[in-house]
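Chemist: I'd like to ask some things about the structure below.
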Ligand code: TXA
Ligand code: MG
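Residue numbers (this note's numbering): 92 to 410.
Here is the structure:
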C-alpha cells in the first residue's frame, strides 16, 4: 500500500479552495475552530465518514458533530424547539453544540449520528472554518483531530504530530482561542448538559432562565462519546495535588512552582486555552507521572476538571 502523504494547506483563499476540493472528493481535512482542531469530512458521504473512524481509531458507535455556517443551515438538518433556537441565537457562532432530532429526508450519512435519531450541530466561531464551509458549501462533520483517547489538538503542530500520514490534509491555522471542546446540550425532553465545554454551564443556565439537567438524570440521550478514559497523556495523572511525590512532574494552576503552569494567575479562561497544549508539552518532556494542582469547580473549571478526570481515569480500551 502507498503511504498517505498529508498535504498542508495555507490559510488563504487558494489553500481553502484546495482543502474544500479534497473534502468534495471524500478526503479528510483537519481545520481550526475556536475550540479545538476538527477532522473535517463531507457529512453526506458515508464512505468518507467511515474513514474518519478508521483514521482516529474511534469506536464507530460514537457519533460526530456536524458543522454548519448558520442557524438557517442547521434548521435544514434538525428540528429546533424554542429553547434550542434561543440557545443558538445566544451562543452561535460559538462553543455550543446542540443535539436535536434529525429531520426526515436529511442527506446526512447515518454513520455521522451512529444510527441515532438525533444529530449534534454547531456553528463554529472561526474565520478559517467559515471560509472552508463557504468553499465546500455543505455540512462538514468533524470530531476533534486526535487519535481516539489521546489529547485533543489546539494547534497546527499538535495535529501534524498526531495525524500526518493518516489524513489527506491539514489547514495551517493558528492556536485555538477557547482550547476546550464545545459544551453539548440536548433540549428534549428537557434541557440537559451532555458534555461540559467551552461555554460554562452557568452561562447557558442564565440564558435559559433555569438549570440544566445532568446527563443520565433524565430521558435525554447521553453522549456515547463520554468515555471514562480520554484526553490521556502518556504519563499517569494524579489530581488535586497539593504536594509532589518522588518522580512526579507538576502541572500547576496558580502561583506554584510547576514544570508547566495552566495559569500562574489562576485565570480559568487562560487555563482552558492552555490545557491541551500543556498535556502535549508534558508528553514531549517524557513526563511519566503527572500531578495536577487543584482547579476550582466553577465556570470553565468544570470543563477543565472533566477533561482532567478522564485523563486520570484507568486506561482500559473500550470494547
Ligand atoms: O468543539 C468541538 O465540539 C469539537 C470541534 C472540532 O467542533 N468537536 C468535538 O468532536 O469535540 P468529538 O467528536 O471529539 O466529540 C463529539 C461528542 C462526542 O462525545 C459524541 O458522543 C457527542 O459529541 N455526540 C455527537 N452526536 C451526538 C448525539 N446525536 N447525541 C449525543 N451525543 C452526541
Ligand atoms: Mg474528541
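Just so you know, even glycine gets a beta-carbon here, dropped at the ideal spot from N, CA and C.
#1: Are the CB atoms of residue 273 and residue 187 nearer to each other than 8 Å?
#2: Roughly how many whole angstroms lie between the Cα atoms of residue 292 and residue 94?
#3: Just the Cα atoms here: how many angstroms apart are residue 181 and residue 298?
#4: For the putative contact between residue 97 and residue 256, defined by C-beta atoms under 8 Å, what is the C-beta separation to the nearest angstrom?
#5: Quick check on the burial criterion: 16 or more other C-beta atoms within 10 angstroms. Buried or exposed for residue 105?
#6: Which same chain residues, not among the five before or five after residue 233, have their C-beta less than 6 Å away from its C-beta?
#7: Grab the span of the beta strand (DSSP E) containing residue 415 for me, first residue to last.
#8: CB-CB under 6 Å to residue 374, same chain, minus the five flanking residues each way: which ones, in chain order?
#9: Distance check for residue 169 and residue 113, CA to CA, integer angstroms please.
#10: With the cut-off set at 8 Å, would you say residue 151 and residue 240 are in Cβ contact?
#11: Taking the alpha-carbon positions, what's the residue 322 to residue 108 distance?
#12: For the candidate residues 154, 201, 125, 133, whose alpha-carbon lies nearest to that of residue 116?
#13: Which residue marks the beginning of the beta strand (DSSP E) containing residue 152, and which one marks its end?
#14: Identify the continuous beta strand (DSSP E) that holds residue 262 and give its terminal residues.
#15: At a cut-off of 7 Å, is residue 388 close to the ligand MG when judged by its beta-carbon and the heavy atoms of the ligand?
#16: Taking DSSP as the reference, what is the three-state secondary structure of residue 252?
#17: Within the stretch 178-237, note down every full alpha helix (DSSP H) run reaching 4 residues or more, in order along the chain.
Modeler: On the basis of the coordinates in this document:
#1: For this step, residue 273 is matched to residue 182 along the chain shown. For this step, residue 187 is matched to residue 96 along the chain shown. Taking 8 Å as the Cβ cut-off, residue 273 and residue 187 qualify as a contacting pair.
#2: Your numbering for residue 292 matches position 201 in the chain shown. Your numbering for residue 94 matches position 3 in the chain shown. Roughly 44 Å between the two C-alpha positions.
#3: Within the chain shown, the letter at position 90 stands for residue 181. Within the chain shown, the letter at position 207 stands for residue 298. Between residue 181 and residue 298, the C-alpha separation is close to 7 Å.
#4: The count along the chain shown starts at 1 and reaches residue 97 at position 6. The count along the chain shown starts at 1 and reaches residue 256 at position 165. That pair is a contact at about 6 Å.
#5: Along the chain shown, one-based indexing puts residue 105 at 14. The residue is exposed, with fewer than 16 neighbouring Cβ atoms inside 10 Å.
#6: On the chain shown, residue 233 is found 142 positions in, with the first residue counted as 1. Contacts found: 129, 130, 131, 158.
#7: Residue 415 lies beyond the stretch modelled for the chain, which goes from 92 to 410, so this question has no answer here.
#8: By one-based count along the chain shown, residue 374 stands at place 283. So the qualifying residues of the chain are 324, 325.
#9: On the chain shown, position 22 is the one that residue 113 refers to. On the chain shown, position 78 is the one that residue 169 refers to. Each residue's Cα considered, the two are about 26 Å apart.
#10: As a position in the chain shown, residue 151 is number 60, starting the count at 1. As a position in the chain shown, residue 240 is number 149, starting the count at 1. In this structure, residue 240 does not lie closer than 8 Å to residue 151 by Cβ.
#11: Position 231 of the chain shown holds residue 322. Position 17 of the chain shown holds residue 108. Each residue's alpha carbon lies about 32 Å from the other.
#12: For the purposes of this step, residue 116 is taken as the residue at position 25 of the chain shown. Considering only alpha carbons, the answer is 133.
#13: Counting from one through the chain shown, the residue named residue 152 turns up at place 61. Neither: residue 152 is in no beta strand (DSSP E) and is coded neither H nor E.
#14: Here residue 262 refers to the residue found at position 171 of the chain shown. 260-262 is the extent of the beta strand (DSSP E) around residue 262.
#15: By one-based count along the chain shown, residue 388 stands at place 297. No; taking the cut-off as 7 Å, the Cβ of residue 388 has no heavy atom of the ligand MG nearer than that.
#16: Indexing the chain shown from 1 puts residue 252 at position 161. If DSSP states are grouped into helix, strand and coil, residue 252 belongs with the helices.
#17: 218-227
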